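Converting from the sequence shown to this note's numbering requires adding 2 to each position, the first position being numbered 1.
C-beta atoms are modelled at their ideal positions from N, C-alpha and C, and glycine is treated no differently.
Here the structure is a predicted model, which is why all the values come from computation and not from measurement.
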Amino acid sequence: RILFGAMPLSKDFKAKWTPTLIVLDSTGKEHYRIVGFTTAEEIIPALLQGIAKTFFELGQPSQAIQNLDRIISEYPRSDQAPEATYLRGVSLYKSTHDRNHLRQAYHKLRDGYPQTERAMRASPLAKSVIRLLVSYLWRR
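Below is the structure:
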């Protein structure tokens, strides 16, 4: 626990608001951050998401998948579940290079979390629109 304004750690980790929960790896590198108050129901899935993202970024997809599976199975209605579903598909793809994992993740997002930002961003239509927009802006 670091109090807001406690130097040098609050400065090193850019803690500008309290509470700020930061998930670090063993070297002290930040991989995930939660800023502001979180409900009791969301704190465990949020921390599991942070642990999963840490493993994902460290190139350990099997450990990431274990934590993501836990979010999806134990906290399916949490705010973290759509992102966990997406990251699970990406982790499986990175492990196997099988695109079906990405398709399955998209279908689970579309069917289980259709109104979420993650589902909309994963949509093939959204990706096409983004490509067109980037292409248009690049030409300007």
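Buried/exposed call for residue i, threshold 16 Cβ in 10 Å
| i | result |
| --- | --- |
| G52 | buried |
| G61 | exposed |
| A86 | buried |
| Y138 | exposed |
| G38 | exposed |
| P126 | exposed |
| P21 | exposed |
Nearest-angstrom Cα separation, counted from residue j out to residue i
| i | j | result |
| --- | --- | --- |
| R79 | N69 | 16 Å |
| A54 | S97 | 15 Å |
| R112 | Y88 | 11 Å |
| S28 | Q117 | 36 Å |
| S75 | G30 | 30 Å |
| H99 | Y34 | 25 Å |
| L50 | G91 | 16 Å |
| R141 | D71 | 42 Å |
| Y115 | Q106 | 13 Å |
Cutoff 7 Å; reference residue i; Cβ partners in own chain excluding five residues on either side
| i | result |
| --- | --- |
| Y95 | R101, H103 and L104 |
| T40 | A48 |
| F58 | A66, L89 and S93 |
| K110 | T87 |
| D81 | E44 |
When the options are compared against residue i, the one with the closest alpha-carbon
| i | options | result |
| --- | --- | --- |
| T56 | I24, R141 and E119 | I24 |
| A42 | Y77, Y34, G30 and D71 | Y77 |
| I73 | I46, P63 and S64 | I46 |
| E119 | Q106, G91, H99 and A83 | A83 |
Cut-off 6 Å between Cβ atoms - residues of its own chain near residue i, not counting five sequence neighbours on either side
| i | result |
| --- | --- |
| L26 | E32 |
| Y108 | A124 |
| I36 | L23 and A48 |
Contacts around residue i, its chain only, beta-carbon distance under 8 Å, and the 5 residues preceding and following it disregarded
| i | result |
| --- | --- |
| P63 | F57, S93, L94, K96 and S97 |
Next on the checklist: In chain order, what are the residue ranges of uninterrupted alpha helix (DSSP H) at least 4 long that sit wholly in the region 75 to 121?
Outcome noted: 83 to 98 and 102 to 114
Checklist entry - Which parts of the region 37 to 78 are runs of the alpha helix (DSSP H), unbroken and 4 residues or longer, counting only runs that do not cross its ends? => result 42 to 59 and 63 to 76
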